[in-house]
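What follows is one structure encoded as structure tokens, with my remarks underneath.
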Amino acid sequence: MHYARLIVTLQNKVFAMGINNDNNFTLNAGDRLIDLSHPVVMGILNSTPDSFFSQSRMQAEHDIASRANDIMEQGAEIIDIGAFSTRPGASNVSTDEEMKRMRRALTIVRQQQPNAILSVDTFRPEVARMAVEEYGAGIINDISEGTGSMAIPTASTSYQDMPSEMFITVAQLGVAYILTSIQPTMRQTLMQLSGKIQQLHGLGQKDIIIDPGLGFGKTVEQNYDILRELPLLSALNKPLLIGLSRKSMIWKPLATTPDGALNGTTALHMASLLGGAHILRAHDVKECVETVKLYNLLQGNVQHASNP
Numbered sequence: 000m001h002y003a004r005l006i007v008t009l010q011n012k013v014f015a016m017g018i019n020n021d022n023n024f025t026l027n028a029g030d031r032l033i034d035l036s037h038p039v040v041m042g043i044l045n046s047t048p049d050s051f052f053s054q055s056r057m058q059a060e061h062d063i064a065s066r067a068n069d070i071m072e073q074g075a076e077i078i079d080i081g082a083f084s085t086r087p088g089a090s091n092v093s094t095d096e097e098m099k100r101m102r103r104a105l106t107i108v109r110q111q112q113p114n115a116i117l118s119v120d121t122f123r124p125e126v127a128r129m130a131v132e133e134y135g136a137g138i139i140n141d142i143s144e145g146t147g148s149m150a151i152p153t154a155s156t157s158y159q160d161m162p163s164e165m166f167i168t169v170a171q172l173g174v175a176y177i178l179t180s181i182q183p184t185m186r187q188t189l190m191q192l193s194g195k196i197q198q199l200h201g202l203g204q205k206d207i208i209i210d211p212g213l214g215f216g217k218t219v220e221q222n223y224d225i226l227r228e229l230p231l232l233s234a235l236n237k238p239l240l241i242g243l244s245r246k247s248m249i250w251k252p253l254a255t256t257p258d259g260a261l262n263g264t265t266a267l268h269m270a271s272l273l274g275g276a277h278i279l280r281a282h283d284v285k286e287c288v289e290t291v292k293l294y295n296l297l298q299g300n301v302q303h304a305s306n307p
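Residue numbers (the numbering used here): 0 to 307.
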């Protein structure tokens, strides 16, 4: 479909549907259901030595255990575990090393929070399969658009490719899948996501979360263009995840660092909720949960404002 016609169609759908966080999405995360009729928070746990936000790096057993407990006690509904840093300039990590880090973190988190809903941040199908089959992870968070590579695919061709190994793996596992766009514009993002969703549906994958990939393959200005246009994504009729916590799109314009980006993160979390986000992926769980509470009050949802 020509992009101009696509945008008109999507705008008409958005107008007819409203913002999608008013819709009663229910997400099947393995053997657990997540009610997304109100926004939820996903807490970040990085089992890495080099994630961009230094305070999120957890390697010692005590630190991983403490972080998992803090995430749940502060009100998050999902723990997202990563073992491969995707920050610009990060060192490459072998599959074996990622697997080793991930197994260790999952073992500790399962000991501390046996009933938590776990998301695994990986672009490798073999790591995803291990996490689901051995530890009961319910969500695969893949920032590679399903390609299994950190190379940025072109919007003109990659959405027409045959289904990837990751897509096939997730469909076989029967867990939820976060489909992230690493394209620089909303036009390319919409084209990529719509084509990839068709591929996943063709494999029988039902539980798909979309993520426009703020901070991946975009300039600061392009990140804000996409954030401004978030309501267009509601026409894809999928739950929307936003992960912008302490990213350079915040700290660069403010002339600070990731350590000084909490206030900006909170401001853009509210903007994301107003733009239709269902899931906020955050380092600072307490502050993010508070933002969701105030958003619920703003929407007149008193029940979830008091008990998010």
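Each residue gets a CB set at the ideal place from its N, CA and C atoms; glycine is no exception.
- A direct Cα-to-Cα measurement between N300 and A67 gives close to 28 angstroms.
- DSSP lists no beta-bridge partner residue for V92.
- A175 places its beta carbon 8 angstroms or farther from that of L199.
- The alpha helix (DSSP H) runs of length 4 or more contained entirely in the segment 149-210 are, from start to end of the chain, 164-172, 185-201.
- T264 sits buried, since 16 or more C-beta atoms from the chains shown fall within 10 Å of its C-beta.
- Between A281 and V108, the gap from beta carbon to beta carbon reaches 8 angstroms or more.
- Ranked by Cα distance from L231, the first of E60, A254, R186, N114 is R186.
- Residue burial annotation: T290 is buried, with at least 16 other C-beta atoms found within 10 angstroms of its C-beta.
- Residue pairing from DSSP places S118 in a beta bridge opposite D79, I138.
- A direct Cα-Cα distance of roughly 23 angstroms separates E144 from L35.
- Close CB contacts of L296 within its chain, under the 7 angstroms cut and outside five residues either way in sequence, are with A304 (chain order).
- Burial state of M161 is exposed, judged by a 10 Å Cβ sphere holding fewer than 16 other Cβ atoms.
- Judged by DSSP secondary structure, R31 falls within the beta strand (DSSP E) whose first and last residues are 31-34.
- One Cα belongs to L44, the other to A75, and the distance between them is close to 12 angstroms.
- In the three-state DSSP reduction, L239 falls in the strand class (E or B).
- For N300, the three-state secondary structure derived from DSSP is coil.
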